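Enquirer:
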Amino acid sequence: MERITDDQVARLVGFVSARIPDSAPLQGEARRTAAALRLAAHKQIAAVIFHRNSPAEHAGETEVLAAASWNLLAALAGIWRDHPDFPADAAVETFDFDCESPLSTTIQRDS
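Numbering (our numbering), first residue to last: 1 to 111.
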């Protein structure tokens, strides 16, 4: 998460939030879907922001959750990859997945 800048966080959060429709004017399943997507996105955003605002001595406790939350936000943003405002340089993932063992991850660290 250290390599993700505050600007990248702000741009990705803004991009994802702007793409999710307000559920109030919607009806039925569309309303529930929009509300669920907004709730999921807000929880991921909160985990990232909580980690970034945590004191350095607690960063180890929050980093894995924040990295997973960031990856989910990047995946959500990827739904709109063809959008002209897609922040490609912000929608970078923090895990490298091994195709042979996808549940085993390596957190990318700054070199």
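Beta carbons: idealized from backbone N, C-alpha and C, even for Gly.
Just so we're clear, the structure is a prediction, and the values are computed from it rather than from any experiment.
Leaving out five residues on either side along the sequence, give the residues of the same chain with a beta carbon under 8 angstroms from the beta carbon of G78.
Expert: Answer for G78: A91, listed in chain order.
Enquirer: Mind pulling the alpha helix (DSSP H) runs of 4 or more residues that sit fully within the stretch 49 to 89?
Expert: Listed in chain order, they are 59 to 78.
Enquirer: If I4 sits next to W70, beta carbons under 8 angstroms apart, how far is it from one beta carbon to the other, in whole angstroms?
Expert: Contact flag correct, Cβ pair sits at about 7 angstroms.
Enquirer: When you compare only the Cα positions, how much space is there between R109 and A35?
Expert: Residue confidence for R109 is low, a pLDDT of 47 falling below 50, so the modelled location carries little weight; the figure read from the coordinates is stated next. Going by the C-alpha atoms only, they are around 34 angstroms apart.
Enquirer: Between A18, E2, A10, which lies nearest to H83 when the distance is taken from Cα to Cα?
Expert: When only C-alpha atoms are compared, the closest one is A18.
Enquirer: Check whether the Cβ atoms of V16 and L73 lie closer than 8 angstroms to each other.
Expert: A contact, by the Cβ cut-off of 8 angstroms.
Enquirer: With DSSP collapsed to three states, give me the class of R109.
Expert: Caution is warranted here: a pLDDT of 47 is assigned to R109, below 50, making its placement in the model unreliable, and no coordinate value can be reported.
Enquirer: Quick check: the Cα distance between I107 and E61, rounded to an integer number of angstroms?
Expert: Its pLDDT being 49, under 50, I107 is placed unreliably in this model, and the value from its coordinates should be taken loosely. Going by the C-alpha atoms only, they are around 14 angstroms apart.
Enquirer: Quick check on I45: does DSSP put it in helix, strand or coil?
Expert: It is helical.
Enquirer: Exposed or buried, L39, counting other C-beta atoms within 10 Å across all chains shown (16 or more means buried)?
Expert: Burial call: exposed.
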